[in-house]
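Here the sequence shown is numbered in numbering that gives the first Met the number 0, starting from 0 and rising by one per residue.
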Amino acid sequence: MHRILVGAAWACLLASPIAPTRAADAPPREPYGIDLEGFPYPYPVDFLPLVNDGELLRMAYMDVAPARPNGRTVVLLHGRNFPSSYWAPVIKMLTEAGYRVVVPDQIGFGKSSKPWGELHFDNLARNTIALLDHLKIDKADIVAHSMGGMLGVRIARAYPERVAHLVLTAPIGLEDYRLYVPPTPTEKITETEDRLTAEGYRKQLETNYALKLPPDQVTPFIDARFNIKGSADYPRWLRAFVSSGQMIYREPVAHEIALLTLPTLFIMGSDDHNAPGRANAPDALRSRMGQNAELAVAFAAKMQNARAEVIANTGHLVFLEALDKYEDLVLGFLGK
Numbered sequence: 000m001h002r003i004l005v006g007a008a009w010a011c012l013l014a015s016p017i018a019p020t021r022a023a024d025a026p027p028r029e030p031y032g033i034d035l036e037g038f039p040y041p042y043p044v045d046f047l048p049l050v051n052d053g054e055l056l057r058m059a060y061m062d063v064a065p066a067r068p069n070g071r072t073v074v075l076l077h078g079r080n081f082p083s084s085y086w087a088p089v090i091k092m093l094t095e096a097g098y099r100v101v102v103p104d105q106i107g108f109g110k111s112s113k114p115w116g117e118l119h120f121d122n123l124a125r126n127t128i129a130l131l132d133h134l135k136i137d138k139a140d141i142v143a144h145s146m147g148g149m150l151g152v153r154i155a156r157a158y159p160e161r162v163a164h165l166v167l168t169a170p171i172g173l174e175d176y177r178l179y180v181p182p183t184p185t186e187k188i189t190e191t192e193d194r195l196t197a198e199g200y201r202k203q204l205e206t207n208y209a210l211k212l213p214p215d216q217v218t219p220f221i222d223a224r225f226n227i228k229g230s231a232d233y234p235r236w237l238r239a240f241v242s243s244g245q246m247i248y249r250e251p252v253a254h255e256i257a258l259l260t261l262p263t264l265f266i267m268g269s270d271d272h273n274a275p276g277r278a279n280a281p282d283a284l285r286s287r288m289g290q291n292a293e294l295a296v297a298f299a300a301k302m303q304n305a306r307a308e309v310i311a312n313t314g315h316l317v318f319l320e321a322l323d324k325y326e327d328l329v330l331g332f333l334g335k
């Protein structure tokens with residue numbers, strides 16, 4: 000994998016890498032590479048060479064063919080805290096219905112390269128379109144989750160001729176977090192993320208995402224993040240992860256959503272109140288953040304061709320918690 004270092008400051012960082020933190024009583028972890036080498040994916044993974052801001056990178060993706068093609072393609076866009084492998088049940092659902100399914104890891108995530116440069120939604124959108132061009136796909140349906148919903152909005156706004164339907168699954172970005180949360184220095188976020196333990200991360204997921212999954216289904220998400228700490232390249236992974244959080248904060252899409260004209264379906268969990276940065280918001284504003292189901296319903300009412308569905312008793316990982324209901328909604332929407 001090509002490694003191009005941007006800036007002398009990061010050369011210094013490599014000379015003095017961040018030491019992985021681990022609770023004294025925690026068992027040692029078998030380290031993964033920062034591109035999740037050693038972490039299994041449910042389908043074969045290919046790579047597309049890309050250049051972002053002068054940096055040579057590789058974009059990982061799965062391209063899963065159906066047994067009985069219906070001539071259509073769905074692109075799945077993952078969230079910030081999850082590798083694209085978590086889409087496995089949705090890939091199965093879609094391929095069984097005849098869809099070709101393309102599942103990228105965005106640059107900075109999963110098995111894709113971790114750049115030294117900053118992450119930007121415009122770059123991720125261009126990369127995704129470059130992947131469609133590489134695969135000779137003129138038009139696709141997009142099904143997105145969480146941060147992937149923000150990216151899905153940006154793709155649909157910038158490349159409307161390439162998108163047929165847009166499904167926003169528990170998207171973040173339905174509000175402009177800058178209106179609630181003061182800017183946080185990258186150094187402070189880096190320090191906080193590096194101190195986080197695996198058990199602390201599990202509790203964070205359970206709280207922020209209102210998880211209703213059994214613990215064994217959550218453990219692979221913990222492993223995908225914390226086994227990376229054993230890699231010598233961990234500082235580069237941490238740099239990219241922190242950059243993705245700053246991207247969410249600095250590059251809102253809330254002001255673009257109502258401008259979408261293509262068929263759009265919001266699928267929300269009734270208990271999903273995820274709001275990045277809420278812990279840093281003033282007390283008077285914190286309680287107003289994360290009213291995600293209500294925000295989606297309000298957006299859909301203002302849009303030309305949109306509707307919102309709220310699934311009761313589910314949180315942020317709605318497609319894993321209520322797969323049957325999710326399947327009915329998605330396949331019914333895409334089939335129209």
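Every residue, glycine too, gets a C-beta built ideally from N, C-alpha and C.
None of these values were measured; they are calculated from a predicted model.
(1) Identify which residue in Leu130, Asn279, Ala292 and His254 has its Cα closest to the Cα of Asp271.
(2) Is the Cβ-Cβ distance between Gly107 and Leu93 less than 8 Å?
(3) What did DSSP end up calling Val100 once you bin it into helix, strand or coil?
(4) What number of angstroms, rounded off, separates the C-alpha of Asn69 from the C-alpha of Gly331?
(5) Among all the DSSP beta bridges, which residues are the ones paired with Tyr60?
(6) Should Ala64 go down as buried or exposed, given a rule of 16 or more other Cβ atoms within 10 Å for buried?
(7) Should the stretch 225-238 be called in touch with the stretch 121-135, which here means at least 3 C-beta pairs below 8 Å?
(8) Could you name the residues of the same chain whose beta carbon sits closer than 8 Å to that of Ala311, not counting the 5 residues immediately before and after it, in chain order?
(9) Checking 8 Å against the spacing of the C-beta atoms, do Arg57 and Ser145 come in under that value?
(10) Please classify Gly334: is it buried, with 16 or more other beta-carbons within 10 angstroms of its beta-carbon, or exposed?
(11) Assess, as a yes-or-no matter, whether the stretch 216-224 is touched by the stretch 118-128 under the definition of 3 or more beta carbon pairs within less than 8 Å.
(12) Pull up the distance between the alpha-carbon of Glu255 and that of Ala96, whole angstroms please.
(13) Just to confirm, are Val73 and Thr168 a CB contact at a threshold of 8 Å?
(14) Rank Glu160, Thr206, Tyr42 and Pro251 by C-alpha distance to the C-alpha of Trp86 and give the top, closest one.
(15) So, helix, strand or coil for Gly334, using DSSP?
According to the data block:
(1) Residue 271 sits at position 272 when you count from the first residue of the sequence shown. Asp271 has its Cα closest to that of Ala292, out of Leu130, Asn279, Ala292 and His254.
(2) Taking the first residue of the sequence shown as 1, we reach residue 107 at position 108. Taking the first residue of the sequence shown as 1, we reach residue 93 at position 94. Result no, Cβ atoms of Gly107 and Leu93 do not sit closer than 8 Å.
(3) Translated into positions along the sequence shown, residue 100 becomes position 101. Of the three classes helix, strand and coil, the one that applies to Val100 here is strand, per DSSP.
(4) Along the sequence shown, read from residue 1 onward, the residue named residue 69 stands at position 70. Along the sequence shown, read from residue 1 onward, the residue named residue 331 stands at position 332. If you take the alpha carbons of Asn69 and Gly331, they lie about 15 Å apart.
(5) As a working mapping, residue 60 is identified with position 61 in the sequence shown. For Tyr60, the pairing in a beta bridge is given by DSSP as Asp45 and Pro103.
(6) The sequence position of residue 64 within the sequence shown is 65, counting from 1. Exposed is the label assigned to Ala64, since fewer than 16 other Cβ atoms lie within 10 Å of its Cβ.
(7) Three or more beta-carbon pairs separated by less than 8 Å are not found between the stretch 225-238 and the stretch 121-135, which leaves the two stretches without contact.
(8) For this step, residue 311 is matched to residue 312 along the sequence shown. Result list for Ala311: Ser269, in chain order.
(9) Your numbering for residue 57 matches position 58 in the sequence shown. Your numbering for residue 145 matches position 146 in the sequence shown. Result no, Cβ atoms of Arg57 and Ser145 do not sit closer than 8 Å.
(10) Here residue 334 is taken as the residue at index 335 of the sequence shown, counted from 1. With fewer than 16 other Cβ atoms from the protein chains shown falling within 10 Å of its own Cβ, Gly334 counts as exposed.
(11) With a cut-off of 8 Å, the stretch 216-224 and the stretch 118-128 do not count as touching, because too few Cβ pairs lie within range.
(12) Position 256 of the sequence shown, counted from the first residue, corresponds to residue 255. Position 97 of the sequence shown, counted from the first residue, corresponds to residue 96. When rounded, the distance between both Cα atoms is 31 Å.
(13) Start at 1 with the first residue of the sequence shown, and residue 73 comes out as number 74. Start at 1 with the first residue of the sequence shown, and residue 168 comes out as number 169. Not closer than 8 Å, so no.
(14) In the sequence shown, the residue the question calls residue 86 occupies position 87. The shortest CA-to-CA distance from Trp86 to any of Glu160, Thr206, Tyr42 and Pro251 is the one to Tyr42.
(15) For this step, residue 334 is matched to residue 335 along the sequence shown. In the three-state DSSP reduction, Gly334 falls in the coil class, being neither helix nor strand.
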